[in-house]
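Visitor:
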């Protein structure tokens with residue numbers, strides 16, 4: 001937690017917050033703060049700044065906050081991700097949030113096992129929790145949006161072309177011979193398949209919807225590695 | 241497992257192997273192969289190719305292999321990593337191996353907790369196991385070397401300057417104002433700190449040894465995300 005993220009329900013006045021959960025514990029046990037100390041905080045979808053500890057006990061922390069700097073720029077990226085295996089899903093969400101991805105579409109694909117959609121991590125509360133952890137890690141406040149689409153064809157035919165009009169589409173596909181563009185720093189819609197990849201029919205549908213199939217070299221990467229590699233390739237990391 | 245990695249002890253003849261462990265199980269349960277099927281294999285630090293299943297039961301798989309293509313090029317990167325938290329360590333090793341990093345130095349730093357060095361994952365067998373998983377993921381055969389240095393100062397003073405002579409050094413340090421060079425595609429020694437970063441004394445020592453301090457923008461990334469972001473920034477992913 002390099003930045004504590006504040007939600008509306010934490011505020012008890014314009015500049016006064018009370019924290020009672022994991023964040024209070026973090027202040028006490030990891031940061032080991034005392035009254036008068038300052039810690040980096042930000043308001044969800046708002047400004048970042050500092051909070052001064054006014055009071056701390058084993059139930060609550062009260063702080064006065066001054067939030068006056070903008071969060072880092074969001075990536076102009078729409079990420080379309082075949083639903084990952086639950087074991088990796090939380091980590092992928094946290095990584096996306098930490099990298100500044102703001103628009104995430106979880107879609108079905110032939111090699112997405114049906115059971116993946118049963119994971120409790122898809123609940124609103126768990127999505128928010130894991131995205132928050134990613135934002136707190138990388139010092140950002142803008143909460144990503146997650147869209148869930150359990151039917152591949154209607155999504156690709158009816159919704160994807162609209163997304164790709166403003167953000168041209170790429171599909172990461174090890175089989176193709178076009179290398180992924182580098183450092184374009186332009187808006188993009190990036191489609192990443194499941195373990196084992198999109199099947200040829202799915203690649204065809206994505207290409208028919210307007211995406212370009214591109215590869216990343218001979219190495220097959222896990223989704224949690226492919227996302228940072230691709231984001232770093234498409235955008236200038238130093239402006240994340 | 242996109243490529244099964246073979247070790248000397250698997251060979252019972254020039255082109256004959258017997259597999260009895262997790263790889264046999266993978267052939268049976270995940271790939272669901274039959275006699276006559278072919279699967280991608282590679283010999284550790286050697287060539288890659290195919291193996292044909294000659295025999296399979298619930299104890300062993302026998303294959304005839306033809307290994308005739310070279311593995312992907314190694315990255316000209318030396319990675320100097322403050323010892324990660326054990327919980328992340330295996331994943332970091334797998335990610336490094338999958339990305340083509342071949343030279344990994346695990347070092348101490350002020351914010352590396354002493355207990356991190358007690359992890360069983362530092363044993364030779366566990367290192368090899370996790371590096372193998374990374375190589376099998378990304379279809380590579382060249383086993384990375386891992387060097388363990390539990391004393392920061394002697395390493396940085398006595399060994400690091402030699403490493404950086406052929407591979408100029410960079411230290412990822414959020415505090416500096418020089419952005420990390422992009423797409424140089426030249427040999428590099430990259431130093432990455434622990435959670436919370438290198439302390440100023442450590443950055444000074446690394447700089448005195450010849451490393452340049454560079455940043456990656458305002459976002460603070462976990463080591464398992466920073467490694468792929470930095471590798472993708474320094475090297476052309478399509479030639480990994």
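Residue numbers (my numbering), protein chains in the order written: chain A, 1 to 240; chain B, 241 to 480.
Backbone N, C-alpha and C fix where the C-beta goes; we use that ideal spot for every residue, glycine too.
In this text the structure is predicted, and so the values were computed from the model without any measurement.
Once you ignore the five residues that flank residue 204(A) on each side, which residues in its own chain have a CB closer than 7 Å to its CB?
Guide: Result list for residue 204(A): empty, nothing under 7 Å.
Visitor: Taking CB distances under 7 Å as the criterion, tell me whether residue 2(A) reaches chain B.
Guide: Interface residue, yes.
Visitor: Would you mind telling me which residues of chain B sit closer than 7 Å to residue 218(A), beta carbon to beta carbon, in chain order?
Guide: Per Cβ cutoff of 7 Å: 312 and 379.
Visitor: Flag this pair as yes or no: are the beta carbons of residue 425(B) and residue 392(B) separated by less than 7 Å?
Guide: Result no, Cβ atoms of residue 425(B) and residue 392(B) do not sit closer than 7 Å.
Visitor: Just the chain A side, please: which residues come within less than 9 Å of residue 476(B) by C-beta, in chain order?
Guide: Result: 179, 182, 217 and 233.
Visitor: Just to make sure I have the definition right: I need the residues of chain B whose C-beta is within less than 7 Å of the C-beta of residue 210(A). Which are they?
Guide: Simply none; closest approach about 22 Å.
Visitor: With C-beta atoms as the reference, is residue 192(A) less than 7 Å away from residue 226(A)?
Guide: Their beta carbons are under 7 Å apart, which means residue 192(A) touches residue 226(A) by this criterion.
Visitor: Rank 376(B), 395(B) and 458(B) by C-alpha distance to the C-alpha of residue 413(B) and give the top, closest one.
Guide: Closest by alpha carbon: 458(B).
Visitor: For residue 386(B) and residue 339(B), which I take to be in contact (beta-carbon distance under 8 Å), what is that distance rounded to the nearest angstrom?
Guide: Going by Cβ atoms, the distance from residue 386(B) to residue 339(B) rounds to 15 Å, so no, they are not a contact pair.
Visitor: Rounded to a whole number of angstroms, what is the C-alpha to C-alpha distance between residue 118(A) and residue 150(A)?
Guide: Rounded to the nearest angstrom, the two C-alpha atoms are 11 Å apart.
Visitor: Output the distance between the C-alpha atoms of residue 249(B) and residue 294(B), rounded to the nearest integer angstrom.
Guide: Their Cα atoms are separated by approximately 18 Å.
Visitor: Kindly indicate if chain B contains any beta-carbon less than 7 Å away from that of residue 229(A).
Guide: Yes, because at least one Cβ of chain B sits closer than 7 Å to the Cβ of residue 229(A).
Visitor: Output, in chain order, the set of chain A residues within a Cβ distance shorter than 9 Å of residue 372(B).
Guide: The contacting residues do not exist; residue 372(B) stays about 15 Å from chain A at best.
Visitor: Do you know how far the Cα of residue 279(B) is from the Cα of residue 47(A)?
Guide: Those two C-alpha atoms are separated by around 54 Å.
Visitor: At the 7 Å Cβ level, is residue 135(A) part of the contact set with chain B, yes or no?
Guide: No, residue 135(A) does not count as interfacial toward chain B.
Visitor: Could you check if residue 130(A) is buried or exposed, using at least 16 other CB atoms within 10 Å of its CB as the buried criterion?
Guide: Buried, since its Cβ has 16 or more Cβ neighbours within 10 Å.
Visitor: Only counting runs of 3 or more residues, tell me where the beta strand (DSSP E) segments fall wholly within the segment 82-168 of chain A, in order along the chain.
Guide: With a minimum length of 3 residues, the continuous beta strand (DSSP E) runs that stay inside the segment 82-168 of chain A are 103-107 and 145-149.
Visitor: Does any C-beta atom of chain B lie closer than 7 Å to the C-beta of residue 221(A)?
Guide: Closer than 7 Å to some Cβ of chain B, the Cβ of residue 221(A) qualifies, so yes.
Visitor: Hey, quick one: how far does the alpha helix (DSSP H) through residue 23(A) stretch, first residue to last?
Guide: Residues 22-25.
Visitor: Under 7 Å, Cβ to Cβ, is there at least one residue of chain B near residue 98(A)?
Guide: Yes, its Cβ sits closer than 7 Å to a Cβ of chain B.
Visitor: Name the chain A residues whose beta carbon is nearer than 8 Å to that of residue 465(B)?
Guide: Result: 95, 98, 99 and 228.
Visitor: Could you compute how far the alpha carbon of residue 89(A) sits from the alpha carbon of residue 121(A)?
Guide: So the two alpha carbons sit approximately 8 Å from each other.
Visitor: Restricting to Cα atoms, I'd like to know which of 368(B), 276(B), 265(B) and 352(B) is closest to residue 324(B).
Guide: Of 368(B), 276(B), 265(B) and 352(B), the residue nearest in Cα terms is 352(B).
Visitor: Using CA coordinates, which residue listed in 259(B), 377(B), 281(B) and 296(B) is at the minimum distance from residue 275(B)?
Guide: Measuring from the Cα of residue 275(B), the nearest candidate turns out to be 296(B).
Visitor: Residue 178(A) lies in the alpha helix (DSSP H); which residues open and close that run?
Guide: First-last for residue 178(A): undefined, no H or E at that position.
Visitor: Please report the residue range of the beta strand (DSSP E) in which residue 473(B) lies.
Guide: Per DSSP, residue 473(B) belongs to no beta strand (DSSP E); it is in the alpha helix (DSSP H), 463-474.
Visitor: Please classify residue 187(A): does DSSP put it in a helix, a strand, or coil?
Guide: Residue 187(A) falls in the coil class under three-state DSSP.
Visitor: According to DSSP, is residue 280(B) part of a helix, a strand, or is it coil?
Guide: Strand, per DSSP.
Visitor: Considering only their Cβ atoms, is the gap separating residue 303(B) from residue 334(B) smaller than 7 Å?
Guide: No, Cβ-Cβ distance for residue 334(B) and residue 303(B) is not below 7 Å.
Visitor: Determine the DSSP secondary structure at residue 451(B), reduced to helix, strand or coil.
Guide: In the structure shown, residue 451(B) sits in coil (DSSP, three-state: anything other than H, G, I, E or B).
Visitor: Roughly how many whole angstroms lie between the Cα atoms of residue 354(B) and residue 322(B)?
Guide: C-alpha separation (whole angstroms): 12 Å.
Visitor: Leaving aside the five residues before and after residue 136(A) along the sequence, list all residues of the same chain whose C-beta is less than 8 Å from its C-beta, in chain order.
Guide: Only 1, 2, 3, 4 and 5 meet the Cβ criterion.
Visitor: On the criterion of 16 or more Cβ atoms from any shown chain inside 10 Å, does residue 379(B) qualify as buried, or is it exposed?
Guide: With 16 or more Cβ atoms within 10 Å of its Cβ, residue 379(B) is classed as buried.
Visitor: In whole angstroms, what separates the C-alpha of residue 356(B) from that of residue 202(A)?
Guide: Spanning the two alpha carbons is a distance of roughly 44 Å.
Visitor: Which partner residues of residue 62(A) appear in the DSSP bridge assignment?
Guide: BP columns for residue 62(A) point to 18(A) and 55(A).
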